[in-house]
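> A single structure is presented below for examination.
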DNA sequence: GGAAGGGATTCGATCGTTCAATTCGCGGAG
DNA sequence: CTCCGCGAATTGAACGATCGAATCCCTTCC
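Residue numbers (the working numbering), protein chains in the order written: chain A, 1 to 347; chain B, 1001 to 1347.
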């Protein structure tokens, strides 16, 4: 039995020979076509096409020092929450990267299984030292981002999805979604529907991200002259916490609507309503944050703040290209979310 | 202002000089430590550690021909469905690959924007010819997989998640989830809870995947001597279709439970129940398929067949390693799902 | 004592591309 | 007629690792 291997891909030299030019000329045809005489270019192009030539990435990477790969660390999918935004974001990032001639390299946080502290830096270091990627996209900067400062310290190129909340000295480019603007949209939407007692379900006060979103609710309420006393509560980001807290609020201050820091919390509210025989929408308004798949499909549809992830991805890649081209750092970009209106705020 | 660049990473030669050995000895220390005398190995190791050396992936790739990268094409996240399994799967695959010393390279299907047919092969070809990846994981083989036969034709190494339903000549390794076993679990679970009129909500008959899942329901019903006449319906995989179809079934044959080919369809059933004031669980049993985040969090919790994606990923990587080591193809692997029981089948 | 053996280490070439420097060819200016 | 200048194409070296073959050194055996 003959174990015929796949044919070896053609190289620059093969193309050069076929076209009757030198290797370098073929290289130029690909990288700086303007240097060639039109007739030569055509001849080389024809040779490239007929051989099905594509530059060997390894050789190019070795010579130029650029792998045209962007590193993205993904954390385990959180089950039993509604935080599935990663899916949409990853795809948007793949698409934006492709248009810039980059691919995405995924890696995980190392041995999370057992016997190891969950080192947030594992993986970054190895990829950096082996020159596997040109840059990183860092996503979970809201956790006091040790990654960002660590990467900055090593002068590793990276762009963050999320503001450097805690670190005033941070000088890296970032892209973020304006959480306050999102909850402002949500609150105004509810007020327009006639609600006045609008509760806030948010995270612990040490979450800067959570406080940002809370501010949008608070500002809007104040601007409309609506009271907020006792209407805000800070809890963990789980369905059960949202469930318990919303039940307690209904019993104490009797809000007619909830603005939530996440879809997960909003789903907790939906559970309370179902348990009490109340209808989301006509009886109690509910707005989530993230526009997860859950928000889109859960009956009767959860109105939710939708982060413009496609736009975020485009801006991240734009910043990355500037960074890699050693252009001056343009600072941060703040993008406005939209509101996806569904049944949970219908009357 | 000094634009101090990141320091150049150390090379084999640097380590060799520090340790007082040749380049090749350092290379051996990394790739075949058994060849070195223990004392030499220790000396080299110390030099490696103190310099923070890691092999340059580009150089290694160029020389060995292996990029230690696995290509995975991701399609746009389908919104307004409950098919978020990709998230869990991608992470499981990243993790399994990491343990085998591989990383995942994500790519998309090319210019899906406008003016282009959605070529399912775009991306594969470019990566293959530029030797960017060692192999592919192909996931959407249920679509009559042109990828599989195309890749096989080019002798490109790949492993499929999904059986080669239509192609008897297919000789590539694959891993799949036993859909019939899953719906068997679901149907038996409902029968144990006292249900006898159990409906099937599935896909069009030309979906082999859907017919596989349907078979599990049908076999189980037959084995228990339960009638299935008029209880099965074949529709598209959308919430609206599931909604409409389940409403029609309730009016015509009045089933007490639904087994669905997907969580998306099951969510459609939930919508019907909410609209009619019926409770999922006590009134009507509902079982989905995929164990998506939606199933996990939607009130009152959707019982769902859970594909063992972590196990699938491990088997895929195992098959990939065998393939790349030119070991004989071990054929396919069929894995049994489990049932995640939740409120939608409670009494 | 010398040859044979074998484990440890070294040397030179090579993977496919791009960079830097050079050569070639041609037209116009001196 | 020579020389300069410029665009177009070529040549040789280098990126950092691994492969194959050669070399060294030390032990063992006759």
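A virtual CB, placed ideally from N, CA and C, is assigned to each residue, including glycine.
Measuring CA to CA, which of B/1139, B/1170, B/1011, B/1057 is closest to residue 1152 of chain B?
The residue given as residue 1152 of chain B occupies position 152 in the second chain. Checked all of B/1139, B/1170, B/1011, B/1057; the closest Cα to residue 1152 of chain B is B/1170.
> Between which two residues does the alpha helix (DSSP H) harbouring residue 1334 of chain B extend?
As a position in the second chain, residue 1334 of chain B is number 334, starting the count at 1. Unbroken run through residue 1334 of chain B is the beta strand (DSSP E), 1332-1335; no alpha helix (DSSP H).
> Among the candidates B/1031, B/1121, B/1278, whose CA atom is the shortest distance from the CA of residue 1156 of chain B?
For the purposes of this step, residue 1156 of chain B is taken as the residue at position 156 of the second chain. Closest by alpha carbon: B/1121.
> Distance, Cα to Cα, residue 1312 of chain B vs residue 213 of chain A?
Locating residue 1312 of chain B in the second chain gives position 312, where the first residue counts as 1. Locating residue 213 of chain A in the first chain gives position 213, where the first residue counts as 1. Roughly 39 Å separates the two Cα atoms.
> DSSP three-state label for residue 338 of chain A, please.
Within the first chain, the letter at position 338 stands for residue 338 of chain A. DSSP places residue 338 of chain A in strand when its eight states are reduced to three.
> DSSP three-state call for residue 1049 of chain B: helix, strand or coil?
Start at 1 with the first residue of the second chain, and residue 1049 of chain B comes out as number 49. Of the three classes helix, strand and coil, the one that applies to residue 1049 of chain B here is helix, per DSSP.
> Compare the C-alpha of residue 317 of chain A against each of A/210, A/158, A/67 and name the closest.
Against the first chain, residue 317 of chain A aligns to sequence position 317. Closest by alpha carbon: A/158.
> Would the segment 207-225 of chain A and the segment 274-282 of chain A be scored as touching if the rule is three or more Cβ pairs under 8 Å?
Short answer: they don't touch.
> Which residue comes first and which comes last in the alpha helix (DSSP H) that contains residue 1090 of chain B?
Translated into the one-based positions of the second chain, residue 1090 of chain B becomes position 90. Per DSSP, residue 1090 of chain B belongs to the alpha helix (DSSP H) from 1085-1099.
> Going by DSSP in three states, residue 1027 of chain B sits in which element: helix, strand or coil?
Here residue 1027 of chain B refers to the residue found at position 27 when the second chain is read from its first residue. Three-state DSSP puts residue 1027 of chain B in a helix.
> Below 8 Å on C-beta distance, what does residue 126 of chain A contact in chain B?
To locate residue 126 of chain A, count along the first chain from 1; it is residue 126. 1054, listed in chain order.
> If you measure between the beta carbons of residue 330 of chain A and residue 289 of chain A, is that distance less than 8 Å?
For the purposes of this step, residue 330 of chain A is taken as the residue at position 330 of the first chain. For the purposes of this step, residue 289 of chain A is taken as the residue at position 289 of the first chain. Not closer than 8 Å, so no.
> Could you list which residues in chain B have their beta carbon closer than 7 Å to that of residue 95 of chain A, in chain order?
Looking up residue 95 of chain A in the first chain gives position 95. Near residue 95 of chain A (Cβ distances below 7 Å), the residues of chain B are 1108.
> Could you tell me which of A/226, A/266, A/254 sits nearest to residue 236 of chain A, measuring between CA atoms?
Working through the first chain from its first residue, we reach residue 236 of chain A at position 236. Measuring from the Cα of residue 236 of chain A, the nearest candidate turns out to be A/266.
> With a Cβ-Cβ cutoff of 8 Å, do residue 1098 of chain B and residue 207 of chain A count as a contact?
Residue mapping note: residue 1098 of chain B aligns to position 98 of the second chain, counting from 1. Residue mapping note: residue 207 of chain A aligns to position 207 of the first chain, counting from 1. Result no, Cβ atoms of residue 1098 of chain B and residue 207 of chain A do not sit closer than 8 Å.
> Nearer than 7 Å: is that true of the beta carbon of residue 17 of chain A relative to any heavy atom of the ligand PLP?
Of ligands this structure carries none, so the ligand PLP is not represented either.
> I'd like the span of the beta strand (DSSP E) that includes residue 176 of chain A, first residue to last.
The residue labelled residue 176 of chain A in the question sits at position 176 within the first chain. First-last of the beta strand (DSSP E) with residue 176 of chain A: 174-177.
> Between B/1167, B/1239, B/1172, B/1272, which has its C-alpha nearest residue 1202 of chain B's C-alpha?
Along the second chain, read from residue 1 onward, the residue named residue 1202 of chain B stands at position 202. Considering only alpha carbons, the answer is B/1239.
> Residue 38 of chain A touches chain B at which residues, Cβ-Cβ below 7 Å?
The residue given as residue 38 of chain A occupies position 38 in the first chain. Going along chain B, no residue has its Cβ under 7 Å from residue 38 of chain A, so there is no contact; the nearest lies around 26 Å.
> Would you please state the rounded distance, in angstroms, between the beta carbons of residue 72 of chain A and residue 177 of chain A? I believe it to be under 8 Å.
Position 72 of the first chain, counted from the start, is the residue given in the question as residue 72 of chain A. Position 177 of the first chain, counted from the start, is the residue given in the question as residue 177 of chain A. Residue 72 of chain A to residue 177 of chain A, Cβ: 18 Å. No contact.
> Helix, strand or coil: how does DSSP classify residue 326 of chain A here?
Working through the first chain from its first residue, we reach residue 326 of chain A at position 326. Of the three classes helix, strand and coil, the one that applies to residue 326 of chain A here is coil, per DSSP.
> From residue 1304 of chain B to residue 1339 of chain B, what distance separates their C-alpha atoms?
Working through the second chain from its first residue, we reach residue 1304 of chain B at position 304. Working through the second chain from its first residue, we reach residue 1339 of chain B at position 339. Taking the straight line joining both Cα atoms gives about 6 Å.
> For a minimum of 4 consecutive residues, which ranges assigned as the alpha helix (DSSP H) are wholly contained in the segment 1127-1208 of chain B?
Here the runs fully enclosed are 1146-1153, 1179-1192.
> For residue 259 of chain A, which of A/140, A/328, A/197, A/251 has the nearest alpha-carbon?
Residue mapping note: residue 259 of chain A aligns to position 259 of the first chain, counting from 1. Comparing Cα positions, the closest option is A/197.
> Can you pull the chain B neighbours of residue 193 of chain A, defined as C-beta to C-beta under 7 Å?
As a working mapping, residue 193 of chain A is identified with position 193 in the first chain. Within chain B, no residue comes near residue 193 of chain A; the closest Cβ sits about 21 Å away, beyond 7 Å.
> For residue 27 of chain A and chain B, any beta-carbon pair shorter than 8 Å?
Position 27 of the first chain holds residue 27 of chain A. No, residue 27 of chain A lies away from the interface with chain B (no Cβ there is under 8 Å from its Cβ).
> Can the beta-carbon of residue 1085 of chain B be found closer than 8 Å to that of residue 1309 of chain B?
Counting from one through the second chain, the residue named residue 1085 of chain B turns up at place 85. Counting from one through the second chain, the residue named residue 1309 of chain B turns up at place 309. Against a cut-off of 8 Å, the Cβ pair of residue 1309 of chain B and residue 1085 of chain B comes out as a contact.
> Going by the CB atoms, is the gap between residue 1336 of chain B and residue 1180 of chain B shorter than 8 Å?
Mapped onto the second chain, residue 1180 of chain B falls at position 180. Mapped onto the second chain, residue 1336 of chain B falls at position 336. Going by C-beta atoms, residue 1180 of chain B is not nearer than 8 Å to residue 1336 of chain B.
> Hey, quick one: how far does the alpha helix (DSSP H) through residue 250 of chain A stretch, first residue to last?
For this step, residue 250 of chain A is matched to residue 250 along the first chain. Segment 239-252, the alpha helix (DSSP H) holding residue 250 of chain A.
> Comparing the C-beta of residue 1077 of chain B with each C-beta of chain A, is any distance below 8 Å?
Within the second chain, residue 1077 of chain B is the residue found at index 77, counting from 1. Chain A contact via Cβ: present.
> From this set, B/1016, B/1314, B/1024, B/1017, which residue's C-alpha is nearest residue 1174 of chain B's C-alpha?
Translated into positions along the second chain, residue 1174 of chain B becomes position 174. Of the listed residues, the one whose Cα sits closest to residue 1174 of chain B is B/1314.
> Going straight from the alpha carbon of residue 1211 of chain B to that of residue 1232 of chain B, what length do you get?
Walking along the second chain from the start, residue 1211 of chain B turns up at place 211. Walking along the second chain from the start, residue 1232 of chain B turns up at place 232. Going by the C-alpha atoms only, they are around 12 Å apart.
> For residue 285 of chain A, list the residues DSSP reports as bridge partners.
In the first chain, residue 285 of chain A corresponds to position 285, counting from 1. In DSSP, residue 285 of chain A forms a bridge with A/257.
> Roughly how many angstroms lie between the CA atoms of residue 1320 of chain B and residue 253 of chain A, to the nearest whole one?
Taking the first residue of the second chain as position 1, residue 1320 of chain B is located at position 320. Taking the first residue of the first chain as position 1, residue 253 of chain A is located at position 253. For residue 1320 of chain B and residue 253 of chain A, the distance between alpha carbons rounds to 59 Å.
> With DSSP as the reference, label residue 1227 of chain B as helix, strand or coil.
Indexing the second chain from 1 puts residue 1227 of chain B at position 227. The answer is coil: DSSP assigns residue 1227 of chain B none of H, G, I, E or B.
> Return helix, strand or coil for residue 123 of chain A, following the three-state DSSP convention.
To locate residue 123 of chain A, count along the first chain from 1; it is residue 123. Coil, per DSSP.
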